[in-house]
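J.: Handing you a structure now.
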Amino acid sequence: MSEESKNASGKSLLERVIFEAKIKYKSLPETNLSGLSSNLSVGGLYLRTRLPLDVDDTLFLSFSLPGREGELPLSCDARVAWTNCDNNRRKPDYATGVGLQFLNLSAEDVSTLEKFIDSYEEEKRMNVVCAWCGSSLGYRKGPFGKTSHGVCEQCHKSLAV
Numbered sequence: 010m011s012e013e014s015k016n017a018s019g020k021s022l023l024e025r026v027i028f029e030a031k032i033k034y035k036s037l038p039e040t041n042l043s044g045l046s047s048n049l050s051v052g053g054l055y056l057r058t059r060l061p062l063d064v065d066d067t068l069f070l071s072f073s074l075p076g077r078e079g080e081l082p083l084s085c086d087a088r089v090a091w092t093n094c095d096n097n098r099r100k101p102d103y104a105t106g107v108g109l110q111f112l113n114l115s116a117e118d119v120s121t122l123e124k125f126i127d128s129y130e131e132e133k134r135m136n137v138v139c140a141w142c143g144s145s146l147g148y149r150k151g152p153f154g155k156t157s158h159g160v161c162e163q164c165h166k167s168l169a170v
């Protein structure tokens, strides 16, 4: 998969959608676990879990998308990109868990995710926030890096990547 777009602070600009689903994962070859996701992008997902994980830990994920019942689940390795645990609440409004970056998602699964996100109901899309000043930019229909060009009305910083 190609590198995702990032702003000057290194934050991902991929569109995320609210996505609550059961995620099966393995942290060790012998350990089968499951947790719930909160959001999803082509680049990764947020996994609600109390399992103590560290940045750069690798998990094996398996999950299904709504409307694809009866089809094989999407599966790939994922890297813990960031943690949101009791002693380090990076996003206090999120449940305890980790941000995961997909590592080896197949081209077919990337395409499936892109179609899923593009067809997601407008009212369920996530509110995009300016990474520079935190101002709400409203709800975005397409991938943030491809459709949100221009300047933030609050801080006047460029939104194009």
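The sequence shown begins at 10 in the numbering used here and counts up one residue at a time.
Heads up, the beta-carbon is just placed ideally off N, CA and C, and yes, glycines get one too.
#1: I think C164 touches D118, with their Cβ atoms under 8 Å apart; what is that distance to the nearest whole Å?
#2: Just the C-alpha distance for C94 and D102, rounded to the nearest angstrom, thanks.
#3: Hey, S50 and L42: beta-carbon distance below 8 Å or not?
#4: Residue range of the alpha helix (DSSP H) that S120 falls in?
#5: Can you give me the C-alpha to C-alpha distance between N96 and T105, rounded to a whole angstrom?
#6: CA-CA distance, V64 and E29?
#7: Compute the distance between the beta-carbons of F72 and P61, then report whether it is under 8 Å.
#8: Can you tell me whether S210 is buried or exposed? The criterion is at least 16 other CB atoms within 10 Å of its CB, across all chains shown.
T.: On the basis of the supplied data:
#1: At roughly 36 Å, the Cβ-Cβ gap does not stay under 8 Å, so C164 and D118 are not in contact.
#2: 12 Å
#3: no
#4: 116-127
#5: 10 Å
#6: 22 Å
#7: no
#8: Residue 210 lies beyond the residue range present for the chain, which begins at 10 and ends at 170; the question has no answer from this structure.
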